[in-house]
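Chains as they are written, first to last, in the working numbering: chain A, 1166 to 1855; chain B, 912 to 1014; chain C, 29 to 194.
Below: one structure, written as structure tokens.
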Amino acid sequence: MQESISFTPQLAASPITGILWLIPAVPMVASGGMALLKQAKRKTAASLAIGSLSVSLLLSLAAFAHVVSNWANGVATRETVNFAWIQVGATNVDLGWVLDPLSAAMLVMVSFVGLLIFIYSVGYMEHDGNFTRFFCFLSLFAGSMLGVVIANSLLLLFMCWELVGLTSYLLIGFWYQKPAAAAAAKKAFITTRVGDVFFLLGIVWLFAQTGTLLFYNHGTGSMEAGALSALLMQPAALGLTAAGAIGLLIFAGAAGKSGQFPLHVWLPDAMEGPTPVSALIHAATMVAAGVYLIARVYPLMQAGALTGGTTTALTVVTWVGAFTAVFAALIAVAQNDIKRILAYSTVSQLGYMMAGLGMGGVAVGMFHLITHAFFKALLFMGAGSVIHGSHEEQDVRRMGGLKDKMPLTFATYAIGMLALCGFPLLFSGFWSKDGILEAARHWSVARTPFYMLVFGALLTAFYMTRQVAYVFFGESRGKKQAHESPKVMTTPLAILAFFAVALGAIGTPAWPWFKAFLDGHAASFDMQGFSEPGLMLLMGTSTVVVFLGLGLGWMIYGGKSPKAEEPDALERAVPMVWGWLRDRLYVDELYEGTVIAFYRWWGRVADWLDRRVWGGLVAGVAWLFAGWARLNRFLDTNVVDGSFDKGCDELSSSGGLLARMQSGRVQSYLRILALAVVALTAILIWSSRA
Amino acid sequence: MTPLAGFLLVAALLFSIGLAGALTRRNAILVLIGIELMLNAANLNLIAFWRYGPHPELLTGMMFAIFSIAVAAAEAAVGLGLVISIHRHAHTTDLDQMNRMKG
Amino acid sequence: MSFVFYLLAALTVAGGLAAVLLKNTVHCALALTVAFAGLAFFYLNLDAQFAGFAQILVYIGAVAILVVFAILLTKGSETPKDGVFSKTWLAGLAVAAGVFAVLGWAVLQTAPMLPKATAAPAVTVGQIGNALVDRYVLPLEIVAVLLTVALIGAVIVAMHDKERTR
């Protein structure tokens, strides 16, 4: 059932909200400090990183406790601290942060999972030479992600969003000497950039329409009633209102970051980064940022919906999410790299989250986000442990029989896998996925997403069974003997496994604590929650689907250990379909053929333009100037100098002429004298005649 | 034609002859001779004007002529001395060859 | 114009012409003497007896002798090989002719205004002497200085410079 927008009254900022900014700031400062450290100072780097994130975790827990205590007293928390950042003419551009149930829950999840992964990385990256740089980037990422979570201004969110993208780039390309890693980092950045362009357009449009980018600002924020009704008045293209159009633009940004189709192509390639990076960024947190963003701007997405109905924006979100869920799950079936399977699984689960947001509201989507964070991080870290123990082997067809060699890893991995599949009742994944399926069942627009998501659940169980069978069961096909990972790596696994189970408790229909917490009203344990019509049928359906998937997977793959060179069992059955799935349904090739080819052509055009046209222009101007200079030189040499020289020659020759009169002969002088006398006398006589 | 005019014409003729000699002869001494003739022509002019002028009793013309004679004599002495000196250096009195003061 | 005038004129002019035209320099000097004499007679004709005799004494007696001495000392008696007239004799002749033309024209122009014949003035030597020390004492002294300077100068100029090395 979709929830209506609740306009929670804003509270005055409490002390914890006042220092909320420390939560992202401390890891960022630690990152700055680590940037100045020498590579050799590993212990210092690790302690700085872990210490700063622990501080963030403590503060997040304090904030969470504050919100919970408020909730227990029946008060819905929404506390903000806003300040003006830039003044543009008469308007201010404000930044600020907000403490409400959504941000509090997300803060705890991000800092807790992050801390566990930091501790895990100490063991995983032990043999790497760039240990300090790794933790520097990790800390920066943690700080930026926490900034995204607490942001009350879309602008601040965007800034931290970009920072998150930057750190993702840095961390994917951590081993930048590998060309594949460098290319993957570039691909990630550029693909998310495509989404971010639309996001930015949405931000600008929102600012232009409402005059503010703050979410909540005592009634004048952009997520509050006044701004939303103003946006609903504005018509945009294609029958959308401004609210719907902006919502879609923002969703485009979220789609890029959260790997929705068609911007999902970077996520599998991002597995080139170290496994802790994959765990933290591409499973638990950064890819969840897109989902979190949609949850944050949910009032905007939902604006204009009639009771029981939905908006265009949310419909689009749902369809994209559902399609991505099935699409990615299909591709995951045919992958052979342990991390790539998990990557496509992440894309698929993100699709689930988006669909959940679109159909069921903030609580449904966010619950799955939180449970997914835990078990996906667990799975990735388990995969990292497997890779570490198998001496850097990543192909599942070359692993096997690891359940005896790495028992702790196997146990925790199994828990994570079952949570992901949605094994009934015991595991959190079951409850969160069921919440989404429940919402899909009741969706007013169409029933198709429900069937798609059910099919996706089947596929999820199937490919995870395949993976586990290949990795942990059967005979060892690896080259060397595998060994269990050190405690520093297995302890976080255990902790995460615990939460993968325990978190289910806060989302059951009997005690919908999480939903109530987000909405701000009380929750009570009531077994009557199970008696909702159709709910038991749904739970039964999903149970059947899960077991079907597990069974099929075990039937085909369990117990057998085919060699890496042999074709897969399914491949032998449907080779053409297998080929399509293994080649990732040719999306990358499509992009290569169209967008990238276009850009290569455009690059050539630009190069031609630059070299011929602009370069020619510049050369032409230079030629003109050179010609002008030559003309000047010609004028100077010939006209100016020439005339000057000629003048001088004339003078000297005239001097020569005059010098000839100085013959040195007395008689000629006397002659001239006499001539002068004659002339003077003649004049005298002539004048006296008158 | 009055007697005075006649004397003046003779003096003019003598002056011109002297000038012609000074301008056309090569020898430096002949130039000095020409100069002497010119001076004498001037003297004749002076005496003629004294004789036929308004106040002969003032003796102006006569005095002028006498002083002129004296000066001419001195000048001839110095000039000829110079010619002799030049002849001692250049071993010639040819004026065409004496152009060391040319420009 | 009396016959004496024409005779004297002819004599003087002939002497002058000879003085500038003759090839032999000594002949020129002697012709000059004739011209001087003619002029002296002219002065006597003009009742300037003192001037006339001064002319004879100074010019013929001193200047002419001086000229002859100079000719002798500069080997002027030898006929030069290039001719006696300079290269530019025609220009000089033209200029002299021009001078005569102008002067003659001046005389003829003012001829009607010239005074007619007058009585001869009676001038004694005593009067001249008196005038010399009375009215013309300054010119006299100056001429004395001039003559002294000229004397010394001529001596210095014409002296052999024995002291300088050749």
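Note that CB positions come from ideal geometry on N, CA and C, so glycine has one too.
Per-residue DSSP class, three states only, for residue i
| i | result |
| --- | --- |
| phenylalanine 1248 of chain A | strand |
| arginine 936 of chain B | strand |
| aspartate 1502 of chain A | strand |
| serine 1318 of chain A | strand |
| glycine 1261 of chain A | strand |
| threonine 152 of chain C | coil |
| aspartate 1733 of chain A | coil |
| proline 1614 of chain A | helix |
| valine 1240 of chain A | coil |
| valine 994 of chain B | helix |
| aspartate 1684 of chain A | helix |
| threonine 1708 of chain A | helix |
| phenylalanine 113 of chain C | strand |
| threonine 1003 of chain B | coil |
| aspartate 189 of chain C | coil |
| valine 1739 of chain A | coil |
| aspartate 1361 of chain A | helix |
| aspartate 1569 of chain A | helix |
Interface partners of residue i on chain B, CB under 9 angstroms
| i | result |
| --- | --- |
| glutamine 195 of chain C | With chain C covering only 29 through 194, there is no way to say anything about residue 195 of chain C. |
| phenylalanine 33 of chain C | Pro914, Gly917, Phe918, Val921 |
Status (buried if at least 16 other CB within 10 Å, exposed otherwise) for residue i
| i | result |
| --- | --- |
| glycine 180 of chain C | Note that residue 180 of chain C is isoleucine in the sequence shown, not glycine. It counts as exposed. |
| valine 165 of chain C | exposed |
| asparagine 1803 of chain A | exposed |
| glutamine 1008 of chain B | exposed |
| threonine 146 of chain C | exposed |
| aspartate 1772 of chain A | exposed |
| valine 1857 of chain A | Residue 1857 of chain A cannot be examined here, being either before or after the span of chain A that is shown, 1166 to 1855. |
| aspartate 1733 of chain A | buried |
| glycine 80 of chain C | buried |
| tryptophan 1851 of chain A | exposed |
| asparagine 158 of chain C | exposed |
| isoleucine 1837 of chain A | exposed |
| proline 1180 of chain A | exposed |
| tryptophan 1326 of chain A | buried |
| methionine 1271 of chain A | buried |
| tyrosine 34 of chain C | exposed |
| isoleucine 170 of chain C | exposed |
| tyrosine 1463 of chain A | buried |
Listed by chain order, chain A residues near residue i by CB distance under 7 angstroms
| i | result |
| --- | --- |
| threonine 102 of chain C | Within chain A, no residue comes near threonine 102 of chain C; the closest Cβ sits about 16 angstroms away, beyond 7 angstroms. |
| valine 130 of chain C | Val1843, Thr1846, Ala1847 |
Cross-chain neighbours of residue i in chain B, by beta carbon under 7 angstroms
| i | result |
| --- | --- |
| valine 1831 of chain A | Leu1006 |
Under 9 angstroms from the C-beta of residue i: neighbouring residues of chain A
| i | result |
| --- | --- |
| threonine 116 of chain C | Arg1830, Gln1832, Ser1833, Arg1836 |
Chain-ordered chain A contacts of residue i [CB-CB under 8 angstroms]
| i | result |
| --- | --- |
| asparagine 1010 of chain B | Ser1828, Gly1829, Arg1830 |
Near the ligand NAD: residue i beta-carbon under 7 angstroms from a heavy atom
| i | result |
| --- | --- |
| glycine 1376 of chain A | This structure simply doesn't include the ligand NAD, nor any ligand for that matter. |
Amino acids of chain C, ordered along the chain, whose beta-carbon sits closer than 9 angstroms to that of residue i
| i | result |
| --- | --- |
| alanine 1839 of chain A | Gly120, Val123, Ala124, Gly126, Val127 |
| alanine 976 of chain B | Tyr71, Ala76, Ala79, Ala82, Gln83 |
Listed by chain order, chain C residues near residue i by CB distance under 8 angstroms
| i | result |
| --- | --- |
| arginine 1854 of chain A | Gln137 |
| alanine 916 of chain B | Val135, Leu136, Ala139, Leu142 |
Give the residues from the segment 926-946 of chain B that approach chain C closer than 9 angstroms (Cβ to any Cβ), ordered along the chain. Phe926, Ser927, Ile928, Gly929, Leu930, Ala931, Gly932, Ala933, Leu934, Thr935, Arg936, Arg937, Asn938, Ala939, Ile940, Leu941, Leu943, Ile944, Gly945
Which runs of the alpha helix (DSSP H), 4 residues or longer, sit entirely within the segment 1170-1231 of chain A? 1180-1183, 1187-1200
Contiguous alpha helix (DSSP H) assignments of at least 4 residues, all confined to the segment 1462-1500 of chain A: Here the runs fully enclosed are 1463-1467, 1477-1498.
Going along the chain, which unbroken runs of the alpha helix (DSSP H) with 4 or more residues stay wholly within the segment 1375-1451 of chain A? 1390-1398, 1407-1422, 1431-1434, 1440-1444
Considering only residues of the segment 954-981 of chain B, which uninterrupted beta strand (DSSP E) runs meet the minimum length of 3 residues and lie entirely inside it, listed in chain order? none
Taking only beta carbons into account, state which residues of the segment 76-102 of chain C come closer than 8 angstroms to chain B, listed in chain order. Ala76, Phe78, Ala79, Ala82, Gln83, Val86, Tyr87, Ala90, Val91, Leu94, Val95, Phe97, Ala98, Ile99, Leu101, Thr102
Could you name the residues of the segment 52-71 of chain C whose beta carbon sits closer than 8 angstroms to any beta carbon of chain B, in the order they occur along the chain? Thr53, Cys56, Ala57, Leu60, Ala63, Phe64, Leu67, Phe70, Tyr71
Identify every run of the alpha helix (DSSP H) within the segment 1296-1346 of chain A, keeping only runs that are complete inside it and at least 4 residues long; order them along the chain. 1296-1315, 1319-1337
When you check each C-beta in the segment 979-1001 of chain B against every C-beta of chain C, which residues fall closer than 9 angstroms? Ile980, Ala981, Val982, Ala983, Ala984, Ala985, Glu986, Ala987, Ala988, Val989, Gly990, Leu991, Gly992, Leu993, Val994, Ile995, Ser996, Ile997, His998, Arg999
Which residues, in order along the segment 947-963 of chain B, keep a beta-carbon less than 8 angstroms from a beta-carbon of chain C? Glu947, Leu948, Asn951, Asn954, Leu955, Ile958, Ala959, Trp961, Arg962, Tyr963
Curious, which full-length beta strand (DSSP E) runs of at least 3 residues does the segment 1592-1652 of chain A contain? Listed in chain order, there is nothing to give.
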